[in-house]
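Participant: In our numbering, the protein residues as written are -4 to 289.
By construction, the Cβ of each residue, glycine as well, lies at the ideal position given by its N, Cα and C atoms.
Bear in mind the structure is a predicted one, so any value in this text is a computation, not a measurement.
Please see the structure below; I have some questions.
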Amino acid sequence: MESKKVCDTCGDSSCSAAKKKNDESPEEYTDRIKLLSKMCRIQHKIVVLSGKGGVGKSTVAVNLAMSLALSGKRVGLLDVDIHGPSIPTMLGLENKTIEGTAGGLLPVELENMKVMSIGFLLQNQDDAVIWRGPMKMGVIKQFLTDVEWGDLDYLIVDAPPGTGDEPLSLCQLIDPLDGAVIVTTPQRVAAVDVRKSISFCRQVHVPVLGVIENMSGFVCPKCGEVTHILPAGGGKKIAADMKVPFLGAIPMDPGIAKSGDEGRAFIQHYASSPTAILMQEIINKIRSTDKTKN
Ligand code: ADP
């Protein structure tokens, strides 16, 4: 007798993840299988976290995704920073809207990349998202389940800042995650939140791929001298204290802010700049955790 196809991905009826759990209602089971069949088609899933907003989390997510796409990988970039969805602006996609098909929501395509953001759903860029918790969780789940991601090598997720319900549900829904990249700025007030982000990852059993210290010194575009506007080294010290990898420091660079505002990925359009080279080295370290990269 032909075995019953449980899940769209492999149809393996012996897959333990596809078995109904005892405490699961039929609806919960159907939802979980739907999510599983989408996530199984994505080889690597990386979440970009930060303790606070404004530290460069979206900048890292965009440039990581673009670098992977430029190297020929099939990449999805999901922006679930519900209250500050900046990825459409950073990639010049503000005017894009989402189309729905019978199979689900179609992400916006750019280069080798499929992009989905809560920003595409807002009628006006200035609209604020005023949603209660369950609605936010619902949209996060919908972005994972109902978007036509297809077969991807990487899904990079720009998470909401902090360690609240939204990053929590994200980490629970994408299970297993390859890991989290945590972005901070160097001063102590930001770095304290990194400890919380690392503890959060440990509690939800998400491996910490490493900490990036962003806005670490300002490189004068005229003379190249580095001025530490914020005291440097906070991220590096915490990474050492908490025994997680330190991936590197990215200086403040007017080119990063400019490219973000212009809707062009820094790593692509300023590829030969010293900061882009530093950024690429950090991305290579993240990729080196991918055992199948070759
Ligand atoms: P978050 O996602 O943590 O809220 P963003 O990535 O949106 O932060 O960055 C906030 C702002 O800072 C953006 O305008 C971005 O272009 C700028 N920015 C981020 N990192 C740098 C940097 N290293 N140098 C200059 N500007 C930066």
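Closer than 8 Å to a non-hydrogen atom of the ligand ADP - does that hold for the CB of VAL206?
Facilitator: On the sequence shown, residue 206 is found 211 positions in, with the first residue counted as 1. Closer than 8 Å to some heavy atom of the ligand ADP: that does not describe the Cβ of VAL206.
Participant: With contact counted as at least three CB pairs below 8 Å, one residue from each stretch, are the stretch 172 to 187 and the stretch 136 to 148 in contact?
Facilitator: Between the stretch 172 to 187 and the stretch 136 to 148, the count of Cβ pairs shorter than 8 Å is below three; the stretches do not touch.
Participant: Can you list, in chain order, the residues of its chain with a C-beta nearer than 8 Å to that of ALA235? Leave out the 5 residues immediately preceding and following it.
Facilitator: The sequence position of residue 235 within the sequence shown is 240, counting from 1. Closer than 8 Å at the Cβ level, and outside the excluded window around ALA235, lie PHE241.
Participant: In terms of residue numbering, what span does the beta strand (DSSP E) encompassing ILE37 cover?
Facilitator: Here residue 37 corresponds to residue number 42 of the sequence shown, with the count starting at 1. Note, ILE37: beta strand (DSSP E), 37 to 45.
Participant: Report all residues from its chain with a CB closer than 6 Å to the CB of ASP160; omit the five preceding and five following residues, and keep chain order.
Facilitator: Mapped onto the sequence shown, residue 160 falls at position 165. So the list reads GLY128, once near-sequence residues are dropped.
Participant: Would MET247 and GLY212 be called neighbours here (beta carbons separated by less than 9 Å)?
Facilitator: Position 252 of the sequence shown holds residue 247. Position 217 of the sequence shown holds residue 212. Closer than 9 Å, so yes.
Participant: If you draw a straight line from the C-alpha of VAL201 to the C-alpha of ALA266, how long is it?
Facilitator: As a working mapping, residue 201 is identified with position 206 in the sequence shown. As a working mapping, residue 266 is identified with position 271 in the sequence shown. In this model, VAL201 and ALA266 are separated by some 31 Å (Cα to Cα).
Participant: Taking DSSP's pairing of strands, which residues face PHE213 in a bridge?
Facilitator: Reading the sequence shown from its first residue, position 218 is the one you call residue 213. Its beta-bridge partners are THR222 and MET247.
Participant: Return the bridge partner residues of ILE151 from the DSSP annotation.
Facilitator: Looking up residue 151 in the sequence shown gives position 156. DSSP output for ILE151 lists ILE41 and LEU72 as bridge partner(s).
Participant: Measure from the alpha carbon of PRO156 to the alpha carbon of each residue in PHE115, ILE251 and GLY49, then state which is nearest.
Facilitator: Walking along the sequence shown from the start, residue 156 turns up at place 161. Comparing Cα positions, the closest option is GLY49.
Participant: Expressed to the nearest angstrom, what Euclidean distance is found between the alpha-carbon atoms of THR139 and LYS217?
Facilitator: Translated into the one-based positions of the sequence shown, residue 139 becomes position 144. Translated into the one-based positions of the sequence shown, residue 217 becomes position 222. Residue 139 is actually Leu in this sequence, not Thr. Approximately 45 Å, taken between the alpha carbons.
Participant: With DSSP as the reference, label MET108 as helix, strand or coil.
Facilitator: On the sequence shown, residue 108 is found 113 positions in, with the first residue counted as 1. Looking at MET108 - three-state DSSP - the assignment turns out to be strand.
Participant: Following the continuous alpha helix (DSSP H) through ALA175, name the residue where it begins and the one where it ends.
Facilitator: Here the question's residue 175 lines up with position 180 in the sequence shown. Looking at the DSSP string, ALA175 is not in any alpha helix (DSSP H); the run it does join, the beta strand (DSSP E), is 174 to 179.
Participant: Out of SER112, LYS16 and GLN38, which one is the CA nearest neighbour of ILE28?
Facilitator: On the sequence shown, residue 28 is found 33 positions in, with the first residue counted as 1. Answer by Cα proximity: LYS16.
Participant: Could you tell me if the beta carbon of LYS280 falls within a distance shorter than 8 Å of some heavy atom in the ligand ADP?
Facilitator: In the sequence shown, counting from the first residue as 1, residue 280 sits at position 285. LYS280 Cβ: outside cutoff for every heavy atom of the ligand ADP.
Participant: DSSP has SER94 in a bridge; who is on the other side?
Facilitator: Position 99 of the sequence shown holds residue 94. Residue 94 is actually Glu in this sequence, not Ser. Bridge partners of GLU94: LEU101.
Participant: Between the C-alpha atoms of VAL75 and VAL199, what's the straight-line distance to the nearest angstrom?
Facilitator: Working through the sequence shown from its first residue, we reach residue 75 at position 80. Working through the sequence shown from its first residue, we reach residue 199 at position 204. Their backbone Cα atoms lie some 18 Å apart in a straight line.
Participant: Any idea what DSSP makes of GLU89, helix, strand or coil?
Facilitator: Counting from 1 along the sequence shown, the entry for residue 89 is found at position 94. GLU89 falls in the coil class under three-state DSSP.
Participant: Under 8 Å: does the beta carbon of PRO249 sit that close to some heavy atom of the ligand ADP?
Facilitator: Indexing the sequence shown from 1 puts residue 249 at position 254. When distances are taken from the beta-carbon of PRO249 to the heavy atoms of the ligand ADP, the shortest one is below 8 Å.
Participant: In the DSSP assignment, find the alpha helix (DSSP H) that holds TYR265 and state where it starts and stops.
Facilitator: Here residue 265 corresponds to residue number 270 of the sequence shown, with the count starting at 1. Per DSSP, TYR265 belongs to no alpha helix (DSSP H) and is neither H nor E.
Participant: Please tell me whether, using a cut-off of 8 Å, the distance from the CB of LYS47 to the nearest non-hydrogen atom of the ligand ADP is below it.
Facilitator: One-based indexing of the sequence shown puts residue 47 at position 52. Yes - the ligand ADP has a heavy atom lying nearer than 8 Å to the Cβ of LYS47.
Participant: Quick check: the Cα distance between GLY44 and ASP141, rounded to an integer number of angstroms?
Facilitator: Within the sequence shown, numbered from 1, the residue matching residue 44 stands at position 49. Within the sequence shown, numbered from 1, the residue matching residue 141 stands at position 146. For the record, residue 44 in the displayed sequence is Leu; it is not Gly. So the two alpha carbons sit approximately 23 Å from each other.
Participant: Can you tell me which residues form a DSSP beta bridge with ILE207?
Facilitator: Numbered from its first residue, the sequence shown carries residue 207 at position 212. VAL178 and GLY243, per the DSSP bridge assignment.
Participant: Short check: CB of ILE77 to CB of ILE135, under 9 Å?
Facilitator: Position 82 of the sequence shown, counting from 1, holds the residue named residue 77. Position 140 of the sequence shown, counting from 1, holds the residue named residue 135. Yes, the Cβ-Cβ distance between ILE77 and ILE135 is below 9 Å.
Participant: Looking only at its chain, what residues have a beta carbon closer than 6 Å to the beta carbon of THR292, apart from the 5 residues adjacent to it on each side?
Facilitator: Missing from the structure shown is residue 292; the chain here goes from -4 to 289 and no further.
Participant: For the putative contact between VAL70 and LEU88, defined by C-beta atoms under 8 Å, what is the C-beta separation to the nearest angstrom?
Facilitator: Walking along the sequence shown from the start, residue 70 turns up at place 75. Walking along the sequence shown from the start, residue 88 turns up at place 93. Actually they do not touch by this definition, with Cβ atoms about 15 Å apart.
Participant: Taking 8 Å as the cut-off, does the CB of SER11 come closer than this to any heavy atom belonging to the ligand ADP?
Facilitator: Working through the sequence shown from its first residue, we reach residue 11 at position 16. With a threshold of 8 Å, the Cβ atom of SER11 does not count as near the ligand ADP, since no heavy atom of the ligand is closer than that.
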